[in-house]
Structure formats: C-alpha cells, structure tokens
Amino acid sequence: MPIGVICNVLAVAIGGMIGAKGGSRLSAEFKEKLNLIFGICSMGIGISSVILMQNMPAVVLALILGTILGVVTHLGKRIENGGKKLVRLIPGQGSTDNALLVTAIVLFCASGTGIYGSIVSGMSGDHSILLAKSILDFFTAMIFACSLGFVTSLVAIPQFIIFIMLFLCAKLIFPLTTPAMINDFKACGGLIMLATGFRITKVRDFPIADMIPAMLLVWPISYAWTAWICR
C-alpha cells in the first residue's frame with residue numbers, strides 16, 4: 001500500500017487549496033518570511049543528503065552532464081509549458097508566475113527526497129521519508145498557493161504519477177543498486193535541493209528543472225566510478 005505516496009500527494013493538494021482560499025488574508029511580509037524558512041528547510045534537507053556522498057567526482061560529473069542534457073533538451077522550458085497547461089485547466093486562474101510554478105513542480109515532483117522516499121517505500125514498506133516530506137510539503141504548498149492559486153493543488157497530479165511509478169518499479173530498481181550508488185544518488189538530489197533553497201529564497205535563480213537529468217545519470221556514473229575507476 002503506497003501510504004507515503006498518498007499522504008504526500010494529499011498534503012500538496014490540500015495545502016494548495018487552503019493557501020489559495022486563505023492566502024489573501026496573509027500579509028506579504030508573512031509570506032516572504034515564511035518562504036525564507038522553507039528555503040532554509042530545503043537547504044537543510046539538501047545538506048543532510050550531500051554529506052552521504054561517497055564518490056564526489058561521480059556526483060559532480062553527473063550534475064554537470066545532467067544539467068547540460070537538460071539545457072540542450074530544453075527540459076526547463078518543457079516543464080514551464082506543462083505548468084502553463086495546468087494553469088489553463090482552472091477557469092479564472094489569471095496570470096501566473098511561471099518561474100515560481102516551475103520551482104513548485106520541481107520541489108514537489110522531482111526532489112531527491114521524494115524520489116528516494118518513493119523507492120524506499122516501495123521496496124521496504126518504510127514510509128517515514130515520505131511522511132516527513134508530507135509535513136513540509138503541506139505548509140510549502142500553502143505558501144506557494146498564496147501566489148499561484150489553485151494551480152498549486154494540480155501539481156499533485158504529476159507528483160502522484162511520478163511517485164507511484166517509482167513505488168511500483170522499486171522492486172526492479174533497488175536490487176540493481178549498491179549502497180554507494182544510493183548515497184551518491186541522495187547526494188545528487190541533495191545538491192539540487194540546496195539549489196532549490198537558493199531559488200526559493202531568491203538568492204540565485206538556479207536552473208532547477210534542467211538539473212533533473214543528473215538524478216538519472218548519477219546511478220550509472222557512480223557504479224562505473226566504483227567498479228572501474230576506483231579499483
């Protein structure tokens with residue numbers, strides 16, 4: 001039973017609805033300060049994952065090659081266009097901050113914590129990672145919805161599709177991995193989460209969406225580094 005996946009999806013959907021309904025009652029100062037806190041939380045999650053890194057060159061190479069792949073294939077633009085389609089599904093939604101929407105989609109759907117949590121949940125039945133993420137996502141969705149409106153809740157749709165696929169495929173993915181590969185994967189996701197935190201706090205507008213392919217490349221690169229280069 002994908003309890004963790006369901007809880008995480010509901011957290012985003014319900015948090016988005018509450019934020020869209022009551023967001024107008026919150027002052028701009030309150031939202032800004034809370035966004036800073038969420039940015040720090042994202043950075044904290046990222047740092048806690050980065051310290052697990054076992055093969056730094058492999059993770060760095062995956063991040064560079066993955067970002068290049070994302071830029072070349074215009075992944076960020078494709079996700080932005082997908083976000084615009086989500087906006088059109090809601091009558092009267094009006095204009096939307098596309099950069100903020102892309103950040104929300106990546107944060108909820110493609111974070112290292114969510115992807116890894118879905119795999120662990122499907123393999124071992126341990127939902128603790130996704131349950132912890134659900135708490136953060138609930139309040140984060142509320143804040144995003146204050147600016148984006150009800151479209152924030154719709155992000156739960158692609159999130160469910162991605163997480164449930166990982167959950168169902170976990171038994172195929174997990175046996176092919178090694179502890180080093182898992183730790184490097186978490187570290188790569190941690191770096192992306194760290195960059196996400198900088199983006200949320202508006203310190204630097206990192207190309208988060210274009211960095212996503214790194215989370216796929218880090219698996220084979222980490223394995224190759226351990227098996228062939230570090231022998």
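In this note's numbering, the protein residues as written are 1 to 231.
The beta carbon of each residue, even a glycine, is placed where N, CA and C say it ideally should be.
query, result
"Among G19, R199, G70 and S128, nearest to S153 - alpha-carbon criterion", "G19"
"Where G125 falls: helix, strand or coil (DSSP)", "coil"
"Alpha-carbon to alpha-carbon, S222 and I192", "17 Å"
"Beta-carbon proximity of F138 to G15, cut-off 8 Å", "yes"
"As assigned by DSSP and simplified to three states, the class of P175", "helix"
"Alpha-carbon spacing of L63 relative to F185, whole angstroms", "10 Å"
"Member of V151, T177 and S128 whose CA lies at the smallest distance from the CA of A224", "T177"
"Selection from S118, P2 and G82 that minimises the alpha carbon distance to V151", "G82"
"7 Å CB neighbourhood of P2 in its chain, flanking five on each side removed", "S121, I164 and F167"
"CB of T103 within 8 Å of CB of D210, strictly", "no"
"Buried or exposed (CB count within 10 angstroms, at least 16 for buried), F30", "exposed"
"Simplified DSSP state of I212, which is helix, strand or coil", "coil"
"I79 classed as buried or exposed, judged by whether at least 16 other C-beta atoms fall within 10 angstroms", "buried"
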